[in-house]
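In the working numbering, the protein residues as written are 9 to 673. A short worksheet on the structure shown next.
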């Protein structure tokens, strides 16, 4: 979720106010950024400030007009950042400022000017910069909490750098012009302010596409440029107002106070001091440097948290630091040492299966392992780099062709023959390691609606095969016949179940217009769970998996709508991260869990009374974990009153010739 979404969750309506203020502040700062770039061009080349402003604004617009706008933005920010450094060095050599006096005035100024300080801090590190990194990472697929410590560190360094470069003696001039006087590369700030301001517009209109976002950003910069040309200067009063708002630490404190009120655990998201790359790039720091920086970040957040009535309780490294210390024992040692120096009782959150977990525990730290449901993993358990294709599991993949064990293939064939001979029990555990599928057959004139419904809800309705009317053989199994190869069938009329059969041949013959959808089943990841030492309770107890109609609304499509059905497996608390990691690699068979613990949050009143299947015992130390379930289409049948349909009975599946591991990514 973006910052405005989080704010609305914490305090309804506050996200809209936050979005409005950030957009307003970003707009006026964009005018100031254009003015700053114009002043820099004037200082370097003697260009008229309006001409310089038009040139800088046009360059920013060209970047967002590119087909690869986000990549162009990232590259431009790096190039312009380097250009800023070069220009500052050139100016320093030309002007030869009194460095000693500048240092003295930075830490002990003769006179403090609130307008200048708030404009510098608010315009450099507050407001849009607070959220720029987080929103940029979201756009690239990353998720996670606000980087409060990053903002605190950036604010401190922003004030120090500004104090060394700005003449604080002149109080009557426009403070924004002072701040940008020598920023010949101020175009980067125009890009950053516009990008982040537009990212907050999602608070008012959800699901903005990249194309729409680029158009809005271009319009945003164009309007700021137009006002700059008309006004000829940035309104100093407005800049001071938005600068004071953006730089005000009260917002951070209020966020922490709200977290305390809602009993939210506070943690420090420490990273490398990589301000340009938002912590995503590796940095070659010595152990002492890394220890000091991690200590600084934890203590900065903990100080505000204590004022709010809480404290930092865990540390989760971020970005490049997270990935590096999962393998690099030297840098991992520095992070571990920093945590122990500050508070050895802090919990370290680390990637499940990484070397860091064992190293930190050996050092005496308490460690919580985690896995990412939306990330792909290498064979060694490390995360696939975001720079590589397939780093994010955002789309469903069909199965990959792999060699099938003849013994497994025979087990699948035997299971189908056993079912045709009259076996009518749940199929969990049968032909272990072979994919099982759910089924729904609907009249042809309802087929498009259902296909669209499945596409809009891929986690609960992952379609593995579609059989046109009159076709009863699936490519998923060589000798399959959907009319006879499910142990039990359910018959539906106008949303009501009217019969349950063990052979549906006559019904299909009487309704030749039925289109059949074969849906992925969570039984297909159970062998992988068992191989990892995670007990699957309903297989162990020889019962049917418990399934519940949840309060999670699926996206409707045409005439079809309904809520998600979830299946539940009790998992020991210490094995949940591993279970998430395993199932997340199999999105075509429901993937990662949709919910962990607290069944009441899903609208489940009594976990011992499932809507489908049998109840599972939950032992001490176990937590109920819920996955999307292929029985969801049956809930859609009931809710949408489809005139006629045939489905499998929950837990009674078709066993295919596809190994479960073929779906694993």
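All C-beta atoms in this analysis are idealised placements derived from N, C-alpha and C, irrespective of residue type, glycine included.
Report task. Using 10 angstroms around the beta-carbon of residue 656, count the other beta-carbons present and answer buried if the total reaches 16, otherwise exposed. Result -> buried
I'd like to know whether the C-beta atoms of residue 436 and residue 531 end up nearer to each other than 8 Å. yes
Short Cβ contact (8 Å threshold) for residue 295 with residue 342 = yes
Quiz item: On the three-state DSSP scale, how would you describe residue 242?
Solution: Note that residue 242 has pLDDT 48, beneath the 50 cutoff, so the model's placement of it is unreliable and no number is given.
Below 7 Å CB to CB, which residues in the same chain sit around residue 434 once its five sequence neighbours on both sides are set aside?
-> 552, 659, 660
Any contact between the segment 475-483 and the segment 629-637? By contact I mean 3 or more CB pairs, one from each, below 8 Å.
no
Inset, instruction - Return helix, strand or coil for residue 659, following the three-state DSSP convention. - result: coil
Assigned secondary structure, residue 61 (DSSP; H/G/I helix, E/B strand, else coil):
helix
query = Quick one: what does DSSP say residue 467 is sitting in, helix, strand or coil?
reply = coil
Residue 590: first and last residue of the uninterrupted alpha helix (DSSP H) it sits in:
584-592
Exercise. Got a sec? Which residues, its chain only, sit under 6 Å from residue 2 by beta carbon, not counting five neighbours each side?
Worked result: Not covered by the structure: residue 2. The range shown for the chain is 9 to 673.
Exercise. Quick one: is residue 445 buried, meaning 16 or more other Cβ sit within 10 Å of its Cβ, or exposed?
Worked result: buried
Q: Would you check if the distance between the CB atom of residue 671 and the CB atom of residue 443 is smaller than 8 Å?
A: yes
Environment of residue 597 [buried if 16+ CB atoms lie within 10 Å]: buried
What does the Cβ neighbour count give for residue 582, buried or exposed, with the cut at 16 atoms within 10 Å?
exposed
>> The beta strand (DSSP E) that contains residue 559, what's its start and end?
In response: 555-561
Which whole-angstrom value describes the C-beta separation of residue 484 and residue 560, a residue pair presumed to lie in contact below a C-beta threshold of 8 Å? Going by Cβ atoms, the distance from residue 484 to residue 560 rounds to 28 Å, so no, they are not a contact pair.
Notebook entry, point to check: For the candidate residues 303, 360, 335, 363, whose alpha-carbon lies nearest to that of residue 351?
Noted result: 303
Checklist line | Local conformation of residue 417 per DSSP, three classes | finding: helix
Check your understanding: So the alpha helix (DSSP H) residue 537 belongs to, where does it begin and stop?
Key -> 534-539
In terms of residues, what are the limits of the alpha helix (DSSP H) holding residue 363? 363-370
How far does the alpha helix (DSSP H) with residue 276 in it extend, from its first residue to its last?
Taken as a continuous stretch (DSSP letters only), residue 276 belongs to no alpha helix (DSSP H), being part of the beta strand (DSSP E) at 274-276.
Beta-carbon contacts of residue 42 that lie in its chain and below 7 Å, excluding the five residues immediately before and after: 61, 64, 65, 198, 232, 233, 236
In three-state terms, what does DSSP make of residue 4? Examination of residue 4 is not possible in this model, given that the chain is present from 9 through 673 alone.
- [ ] Check each candidate in 500, 21, 276 and name the one with the smallest Cα separation from residue 319.
- [x] 276
Report buried or exposed for residue 273, applying the criterion of at least 16 other Cβ atoms within 10 angstroms of its Cβ.
exposed
key: Beta-carbon separation (whole angstroms), residue 313 vs residue 270, contact threshold 8 Å   = No, residue 313 and residue 270 are not in contact; Cβ-Cβ is about 14 Å, not under 8 Å.
DSSP beta-bridge partners of residue 603: 634
Problem set entry | Per DSSP, cross-strand counterpart(s) of residue 7 | For the chain, the structure presents residues 9 to 673; residue 7 sits outside this window and is missing.
Quick one: Cα of residue 590 to Cα of residue 669, how far?
11 Å
Q) Can you check whether the CB of residue 450 is closer than 8 Å to the CB of residue 522? A) yes
* Please report the Cβ distance between residue 373 and residue 348, rounded to the nearest whole angstrom; I am assuming they are in contact, meaning their Cβ atoms lie under 8 Å. => 7 Å
Find out if the Cβ-Cβ distance for the pair residue 675, residue 663 is shorter than 8 Å. Any property of residue 675 remains undetermined from this structure, which presents the chain solely from 9 to 673.
query: Thinking just about the alpha-carbon of each residue, which of 71, 266, 56 is nearest to the one in residue 22?
result: 266
Straight-line gap, residue 624 to residue 321 (C-alpha atoms, nearest Å)
34 Å
*Which same chain residues, not among the five before or five after residue 332, have their C-beta less than 7 Å away from its C-beta?*
290, 339
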